[in-house]
Amino acid sequence: ALVGVLQAIDPALEEAAMDCGASRIKIFKTIILPLATPGIVSAWLLVFIQSLADFGNPMILSGDFSVLSVQAYLQITGMYDLARGSTLAILLLIPTVIAFYLQKYLLSKKSYVTVTGKPTSATIKNLEWYIKYPVYAFCIMFALIVLLFYSMVVWGSFQKLWGIDATLTLRNYVQMWRVGKNYILDSLYISVIITPITGILSMFIAYLITRKQFFGRNAMEFSSMLTFAVPGTVVGIGYILAFNTPSPLMPVTLTGTGFIIMALLVFRNLPVGIRNGVAAIEQIDPSIEEASIDLGADSGLTFRKITLPMITPAFFSGLANCFVRSMTAISAIIFVVSGKWNFITVAVLGFVDNSQYAQAAAMSLLLIAIVLLALGLIKLATDRMGRGMQSSSIIE
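Quick note, the numbering used here runs 2 ahead of the 1-based positions in the sequence shown.
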């Protein structure tokens, strides 16, 4: 949410402030921070909701400390009490809905347009050493801490018995592949299908709710962002109630199929892409698109040739986020997986429940490798397609 927003801020604004004698700190407080508000608030809302609804971490690490998401899961799977589990899940809605409307209130008070279509010759300047090196030191320290955790996963995946026998072996990977091959293939198959669908649909909806006025616009915005304000536990339970048995309102039974997982992940990941798109489009001056329409282009051509190239970073950021979230999802899909369609994260949780930590580490390492490879491919596609779109727009 932040990368595309920061890239869209015109460096000429910083240069003009520096020419007027403003310090770097003042420029950050009065220019960069206010203009990046859409991305910051969107990121804050995402982190808040994900932390509140997190399932995997508290399920494994919380011990005697109870959280609502885990208790709702245990009520349904352990006690077979769907009513009580649903009630606990509903309690998660209260703080998340409040945070969602607080975000909308904060962003509705100001304009955050920075892309106006006017030419600029400003260049990005290097930071002073007393700013640059402390930031470098903090980032390096943070990266080392993260690498330490990942290195423990690597080390644990090669141990014969975690915590008892540190003999190096490849048996964990053999057992992991034998038990979890179908989990891995199912996860890849579903994630590859829903990622482009979610990315394209999210940009289209973001454009409609940001640039168009039509009947039902507010309803579309609210419904498209609803799962963003709803924790994954609530979504998973809702899909069970909706698709478990046929009813007059929902005559289709999807429980046990791959379609219910795809539908859940599309609508679960859609709001993040929409938020990225809205944050990027809000920075584009509408006069650019109005000029295109005045010259005879229709809305579709204007979106494809003008708006889309400008929001390319946000689009591919949404694709990357969607794939990663799909591959690592657990809180919502754990309620809808089946013997025929399962997920790699559920397999990891199963290994942990059986105290097979070495096998869980091996599968986690494979998941990390898949995600990193996918991010690299998406980054490569971003660079190539971004240059292609810009060149095509200039030529035409």
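Ideal Cβ placement from N, Cα and C applies to all residues, glycine included.
- Leu-243 and Ser-193 have their C-alpha atoms some 24 angstroms from each other.
- Look at Lys-162 here: in three-state DSSP terms it is strand.
- Thr-169 carries a strand assignment under DSSP once its states are collapsed to helix, strand and coil.
- The residue among Ile-263, Asp-287 and Ser-319 with its C-alpha nearest the C-alpha of Asn-278 is Ser-319.
- Between Thr-235 and Leu-94, the CB-CB gap stays under 8 angstroms.
- Phe-57 and Met-143 have their C-alpha atoms roughly 28 angstroms apart.
- If you check the CB distance, Pro-97 and Arg-213 do not come in under 8 angstroms.
- When the alpha-carbon of Phe-245 is set against those of Thr-229, Ile-263, Pro-233 and Val-232, the nearest one is in Ile-263.
- Sequence-distant partners of Gln-105 (beyond 5 residues in either direction) whose C-beta falls short of 8 angstroms from its own C-beta, in its chain, are Val-43, Ser-44, Trp-46 and Leu-47.
- Counting along the chain, no alpha helix (DSSP H) covers Asp-300, and no H or E run does either.
- The C-beta distance from Glu-291 to Thr-304 rounds to 5 angstroms, short enough to fall under 8 angstroms.
- Within the same chain, Ala-74, Ile-78, Leu-84, Gly-87, Ser-88, Ala-91 and Phe-337 come within 8 angstroms of Ile-239 by CB-CB distance, once the 5 residues on both sides are set aside.
- For Met-329, the enclosing alpha helix (DSSP H) starts and ends at 314-329.
- With a threshold of 16 other beta carbon atoms within 10 Å, Asn-323 meets it and is buried.
- Within a 10 Å sphere around the beta-carbon of Met-154 sit fewer than 16 other beta-carbons, which makes this residue exposed.
- In the three-state scheme derived from DSSP, where H, G and I count as helix and E and B as strand, Ala-334 is classed as coil.
- With a contact defined as Cβ atoms closer than 8 angstroms, Leu-37 and Ile-11 qualify at about 5 angstroms.
- For Ala-376 and Phe-325, the gap between their C-alpha atoms comes out near 8 angstroms.
- Proximity of the segment 298-312 to the segment 258-275 falls short of the contact definition, fewer than three beta-carbon pairs being nearer than 8 angstroms.
- For Thr-89, the enclosing alpha helix (DSSP H) has its first and last residue at 84-93.
- From the listed residues Tyr-82, Leu-54 and Gly-65, the smallest Cα separation to Ser-71 is found for Leu-54.
- Fully enclosed alpha helix (DSSP H) runs of no fewer than 4 residues occupy 58-63 of the segment 42-78, in order along the chain.
- Per DSSP, Met-20 is one residue of the alpha helix (DSSP H) stretching across 13-21.
- For Gly-352, the enclosing alpha helix (DSSP H) has its first and last residue at 346-355.
- In this structure, the alpha-carbon of Tyr-135 lies about 25 angstroms from that of Tyr-152.
- With respect to the C-alpha of Arg-327, the residue from Val-354, Ile-295, Leu-190 and Leu-149 having the closest C-alpha is Leu-190.
- The beta carbon of Leu-369 lies closer than 6 angstroms to those of Ile-346 in the same chain, with the five residues before and after it left out.
- In terms of CA proximity to Trp-179, Leu-367 leads the group Leu-367, Val-254, Leu-374 and Ile-51.
- One alpha carbon belongs to Tyr-209, the other to Ile-27, and they sit about 34 angstroms apart.
- For Val-254, there is no enclosing alpha helix (DSSP H), as DSSP gives it neither H nor E.
- Excluding sequence positions up to five before and after Met-222, its CB lies within less than 8 angstroms of the CB of Ile-207, Leu-210 and Ile-211, all in the same chain and listed in chain order.
- Pro-253 sits exposed, since fewer than 16 C-beta atoms from the chains shown fall within 10 Å of its C-beta.
- Spanning the alpha carbons of Ser-357 and Trp-157 requires a straight line of approximately 17 angstroms.
- The residues Ala-3, Leu-4, Val-7 and Ala-281, in chain order, have a CB closer than 6 angstroms to that of Gly-41 in the same chain once the five nearest residues on each side in sequence are set aside.
- Shown here for Val-354: same chain residues with a beta carbon closer than 7 angstroms to its own, the five before and five after excluded, namely Ile-62 and Ala-362 in chain order.
- No Cβ-Cβ contact shorter than 8 angstroms links Phe-67 with Ala-101.
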